[in-house]
Amino acid sequence: MRSVNSVIVVASLVICLGVAATAQSPISAPQSRDAGAQALVNPATEKKIDALLAQMTLEEKVGQLNQYSSPFDVTGPAPGQGARKIAYEQIRAGLVGSMLNVNGAEATRKAQQLAVENSRLRIPLIFGHDVIHGYKTIFPIPLGEAASWDPAAVERSARVAATEASAAGIHWTFGPMVDIARDARWGRIMEGSGEDPFLGSQMAAARVRGFQGKDLAALDTIAACAKHYAAYGFAEAGRDYNTVDISENTLRNVVLPPFKAAADAGAATFMNSFNEIGGIPTTGSSHLQRDILKGEWGFKGFIVSDWGSIGEMVRHGYSADMAEAARQAMTAGSDMDMEARAYIGHLAALVKSGKVDVKLVDEAVRRVLRVKFALGLFDDPYRYSDAAREKAATLTPANLAAARDAARKSIVLLKNDGVLPLDKQVRSIAVIGPLADDKDSPLGNWRGQGAANSAVSLLEGVKAAVSPGTKVLYAEGAKLVTGPRNFGAPSVFNTTDRSGFPAAVEAARAADVVLLAIGEDAFQTGEGRSQADIGLKGPQDELFRAVIEANKKVVVVLMNGRPLTIGHVAEAVPALVETWFLGSESGHAIADVLFGDYNPSGKLPASFPRLVGQLPLYYNHKSTGRPGPEPGVTWSHYTDVSNDPLYPFGFGLSYTTFTYSEPKLSTPEIDANGQLQVTVTVTNSGQRAGAEIVQLYVRDLVGSVTRPVKELKGFQRIELAPGQARDVTFTITPADLAFYTARGRWEAEPGAFKVFVGGNSRDVKEASFTLR
Ligand code: BGC
15 MRSVNSVIVV ASLVICLGVA ATAQSPISAP QSRDAGAQAL VNPATEKKID
65 ALLAQMTLEE KVGQLNQYSS PFDVTGPAPG QGARKIAYEQ IRAGLVGSML
115 NVNGAEATRK AQQLAVENSR LRIPLIFGHD VIHGYKTIFP IPLGEAASWD
165 PAAVERSARV AATEASAAGI HWTFGPMVDI ARDARWGRIM EGSGEDPFLG
215 SQMAAARVRG FQGKDLAALD TIAACAKHYA AYGFAEAGRD YNTVDISENT
265 LRNVVLPPFK AAADAGAATF MNSFNEIGGI PTTGSSHLQR DILKGEWGFK
315 GFIVSDWGSI GEMVRHGYSA DMAEAARQAM TAGSDMDMEA RAYIGHLAAL
365 VKSGKVDVKL VDEAVRRVLR VKFALGLFDD PYRYSDAARE KAATLTPANL
415 AAARDAARKS IVLLKNDGVL PLDKQVRSIA VIGPLADDKD SPLGNWRGQG
465 AANSAVSLLE GVKAAVSPGT KVLYAEGAKL VTGPRNFGAP SVFNTTDRSG
515 FPAAVEAARA ADVVLLAIGE DAFQTGEGRS QADIGLKGPQ DELFRAVIEA
565 NKKVVVVLMN GRPLTIGHVA EAVPALVETW FLGSESGHAI ADVLFGDYNP
615 SGKLPASFPR LVGQLPLYYN HKSTGRPGPE PGVTWSHYTD VSNDPLYPFG
665 FGLSYTTFTY SEPKLSTPEI DANGQLQVTV TVTNSGQRAG AEIVQLYVRD
715 LVGSVTRPVK ELKGFQRIEL APGQARDVTF TITPADLAFY TARGRWEAEP
765 GAFKVFVGGN SRDVKEASFT LR
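Each residue of the sequence shown is one higher than the last, beginning at 15 in the numbering used here.
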């Protein structure tokens, strides 16, 4: 039976079109103003801020711009000496505006007490923390969640995180991380949504909505922070903190869209980044902070520096000393100083000597106070620190169920020769590998307050899923090469220990089917964890070969925080499942997919390279003047490996199959006020019900600046019963075709376009249209 359902997707942010354009002139599509952050501004609050500013000394103003990491056990006795004592005294004196890493209702309450019961003006502290993919209930790492292509699920996960964190007295998360990442060597690729600006924008907005809810003053919402502004993911050679040198074209068209989306969704704060762009550290960049964010986008919240990034301008060679760094950062629009102590040390003197206009300080303080007012902290500074609510709201069955659901949706089936899904009645199953019974790595890096070793391991998930008669064998096989556990830890623990191989081989031989869990340790990705080799580390490759030798029926379950070079594994095994680091419910979610209780629908948010030397690798690249392929060598390629990725962006299989019709366009031509419908019929041509992410891409054939060969412009998740077909319709308007042109404007340029529809960025069907 053929059921037809039409679904309209508006393929991008709704952007108001400007005045109708003449025949061939660009069509102005100004980017919308920041609707959300405007909500921070209301006349009554601004009056209260005026009154406060009028009472504040210069030192107290600077204090509001000063943020420390929890320097002492706030619930213990006052520290006796050193930096800790100074911080403690500064809080009491009203010289600290914010703290990070104070956790728990009791600790935040105590720290708040220090500020509001001792400081002259009783201005409450704002407590920040890295709530990146969960607070106590841990969700999949953001890269994994992006693989769900499900903004509603991502919003729900941020909502749960906010509910738990807010009850523990956290007011503000340093998330979402919205950096576009095209280089899997970069360890922080795990924290973002991958390589695509459109998918990244959808995820950014969803997370902001989830963290902030409808009202920042609600007790279960926290302020969001879009980071790292900007282009931190473009570090040369994927090496963290490294130099970035990108054009304004790439900045505007690739890097900034997710930040813009976060601002439009109302993100109350932004964080700048450690890197420079073209010689200017972003912390000192007026162009980014004042011109674009606060100017063009009308952002009304505040910008926090990244950890010590104001001070690092000295080491960049941009500032002669800390005082100059403070002056440059303040002038450029960095409002709050995280841990460089540059503002508290120098800003008052800079104002007194006339080097910094006090108006800049006032403006920065106003922005910080705005967010504190919006959170309701002036009504009751303790309102979020609620031990009873903390207990009741944390790690609840509902939160864990949401984490399991998000985890299942994040799993990407990369290969399946028919071995999956497994039968729960299987006689025997061997669960092998260093990650097979690992209860810690699935929590990933940046795991909030998730307790160590608290995830459901794969082995536990399998045992809970199989029939009582199934024999489950387990062998660790090899140890993982572990990443540094914390920022102070030595780089990497290496291992070549093969003593576990015989037991692994024996288990593989004895079982009907093998699950081999390999990949990365949780701390091999994340900040400071860039790697030049993104293959399987330690003896994992050898283990894999030994196991497959013993039993061909091997399902490889990958756990990792970045795309890995696993082409040889993919070739050798009948099934390969990408599970990222899935969080608290990892093992259950993986078992749901392996045993067919959940039909996988995840799609890759980042290309998987064949070789590390292909990096940076991304589907939305430019054509170049020699795109090829051509006979001979004089085209843009490698002579030793194809240009293609192992798995392209948007790729992911299901236990069923989907077929796509040729796309039909409602019109071959649109004008400045027009719109175009692209309709494709998607049919479930397999035997099982399943969900498909239908993807829409566009190519602008000629531009005033060159345009990518494909750009994602829309996607939709549909569920189809076996044999069922559905028409999926996308609407394209000129606003969706707009980009930052050679004229330095956000506008669409008339001309010929191609449109592509398919289940990933490679396997698509195409049609053409013209924008008049
Ligand atoms: C990271 C930020 C983080 C901050 C506070 C920095 O090292 O770059 O992403 O929010 O620390 O923990």
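Here a beta-carbon is modelled for each residue, glycine too, at the ideal position from N, C-alpha and C.
Exposed unless 16 or more other CB atoms sit within 10 angstroms - verdict on Pro-411
Taking all protein chains shown into account, Pro-411 has fewer than 16 neighbouring C-beta atoms within 10 Å of its C-beta and is therefore exposed.
Rounded to a whole number of angstroms, what is the C-alpha to C-alpha distance between Asn-459 and Ser-680?
If you take the alpha carbons of Asn-459 and Ser-680, they lie about 47 Å apart.
If we ignore side chains and look at the alpha-carbon of each, how far apart do Thr-673 and Arg-702 end up?
Cα to Cα, Thr-673 sits roughly 14 Å from Arg-702.
So, helix, strand or coil for Pro-411, using DSSP?
Reduced to three states, the DSSP call for Pro-411 is helix.
Under 5 Å, CB to nearest heavy atom of ligand 1: contacting residues:
Selection around ligand 1 by beta-carbon proximity, strictly under 5 Å to any non-hydrogen atom, yields Asp-144, Phe-188, Asp-320, Trp-321 in chain order.
Counting pairs of Cβ atoms below 8 Å between the region 418-426 and the region 597-610, do you hit three or more?
Below 8 Å, enough C-beta pairs join the region 418-426 and the region 597-610 to call them touching: three or more.
Ignore the nearest five residues each way along the sequence and tell me which others in Val-519's own chain have a CB closer than 6 Å to its CB.
Excluding positions up to five away in sequence, the list reads Ala-560, Ala-564.
Give a yes or no on whether the C-beta atoms belonging to Leu-785 and Phe-744 are separated by under 7 Å.
For Leu-785 and Phe-744, no; Cβs fall outside 7 Å.
Quick one: Cα of Leu-530 to Cα of Arg-173, how far?
Taking the straight line joining both Cα atoms gives about 34 Å.
Measure how close the beta-carbons of Pro-456 and Phe-595 come, nearest whole angstrom, since I'm counting them as under 8 Å.
That pair is a contact at about 5 Å.
What is the DSSP secondary structure of Thr-755, counted as helix, strand or coil?
It is coil, neither helix nor strand.
List in chain order: all unbroken beta strand (DSSP E) runs of 3+ residues lying wholly within the region 441-509.
Complete beta strand (DSSP E) runs here, min 3: 442-446, 485-489.
Rounded straight-line distance, which links the Cα of Met-350 to that of Arg-341
Put simply, the backbone Cα of Arg-341 is about 13 Å away from that of Met-350.
Ignore the nearest five residues each way along the sequence and tell me which others in Lys-438's own chain have a CB closer than 8 Å to its CB.
The residues are Ala-479, Val-480, Ser-481, Thr-484, Phe-609.
Whole angstroms is fine: what's the gap from Lys-567's alpha carbon to Ser-207's?
Rounded to whole angstroms, Lys-567 and Ser-207 show a C-alpha spacing of 33 Å.
So for Asn-286, helix, strand or coil by DSSP?
Of the three classes helix, strand and coil, the one that applies to Asn-286 here is strand, per DSSP.
Restricting to Cα atoms, I'd like to know which of Ala-521, Ala-525, Asp-547, Glu-556 is closest to Ile-532.
Comparing Cα-Cα distances from Ile-532 to each of Ala-521, Ala-525, Asp-547, Glu-556, the minimum goes to Glu-556.
Can you tell me which of the three DSSP states Ser-7 falls into?
Nothing in the structure corresponds to residue 7, since the chain is present only between 15 and 786.
Please look up how many angstroms separate the CB atoms of Ala-238 and Thr-187, rounded, as I've assumed it's under 8 Å.
6 Å between Cβ atoms; contact.
Closest to Thr-235 by CA distance: which of His-651, Ser-468, His-185 is it?
Taking only the C-alpha atoms, the option nearest Thr-235 is His-185.
Verify whether the separation of the beta carbon atoms of Val-222 and Ala-281 is less than 7 Å.
Contact flag set, yes.
My guess is that Val-607 and Lys-551 are in contact by the Cβ rule of under 8 Å, so how many angstroms apart are they, rounded?
Not quite, the Cβ-Cβ distance comes to about 25 Å (not below 8 Å), so this is no contact.
Within 10 angstroms of the Cβ of Lys-724, are there 16 or more other Cβ atoms? Answer buried if so, exposed if not.
Counting other Cβ atoms within 10 Å of its Cβ, Lys-724 reaches 16 or more and is therefore classed as buried.
Which one of Val-76, Phe-316, Ala-275, Val-647 has the shortest CA to CA distance from Met-285?
Nearest option by C-alpha distance: Phe-316.
Which residue comes first and which comes last in the alpha helix (DSSP H) that contains Glu-169?
Counting along the chain, the unbroken alpha helix (DSSP H) around Glu-169 starts and ends at 165-181.
So what does Pro-154 bridge to, in DSSP terms?
Beta-bridge pairing links Pro-154 to no other residue.
Same chain only: Cβ atoms within 8 Å of Gly-148, ignoring 5 sequence neighbours per side:
Spatial neighbours of Gly-148 in its own chain (CB-CB distance under 8 Å, excluding positions within 5 residues in sequence) are listed in chain order as Ser-171, Val-174, Ala-175, Glu-178, Ala-417, Arg-461, Gly-462, Gly-464, Gly-597, Ser-598.
Between Pro-40 and Ala-762, how many whole angstroms is the CB-CB distance? I'm expecting something under 8 Å.
Yes, they are in contact, since the Cβ atoms of Pro-40 and Ala-762 sit about 7 Å apart, within 8 Å.
Please confirm whether Gln-538 and Gly-475 have their CB atoms less than 7 Å apart.
Contact check for Gln-538 against Gly-475 fails: the beta carbons are separated by 7 Å or more.
Indicate the three-state DSSP secondary structure (helix, strand or coil) for Tyr-102 in the structure shown.
Residue state for Tyr-102 is assigned as helix, using DSSP reduced to three classes.
How about Ala-276 and Val-385: do their beta carbons lie closer than 7 Å?
Cβ distance not < 7 Å, so Ala-276 and Val-385 don't count as in contact.
Taking three-plus beta-carbon pairs below 8 Å as touching, is the region 376-390 in contact with the region 52-65?
In this structure the region 376-390 lies against the region 52-65, because at least three pairs of beta carbons, one per stretch, are closer than 8 Å.
Cβ contact check for the region 739-757 and the region 633-649: 3 or more pairs under 8 Å:
The region 739-757, when compared against the region 633-649, does not touch it at the 8 Å Cβ threshold.
If the criterion is Cβ atoms closer than 7 Å, does the pair Ser-323 and Phe-273 meet it?
The answer is no: Cβ separation not under 7 Å.
Which same chain residues, not among the five before or five after Gly-772, have their C-beta less than 7 Å away from its C-beta?
The answer, listed in chain order, is Tyr-674, Gln-709, Val-778, Lys-779.
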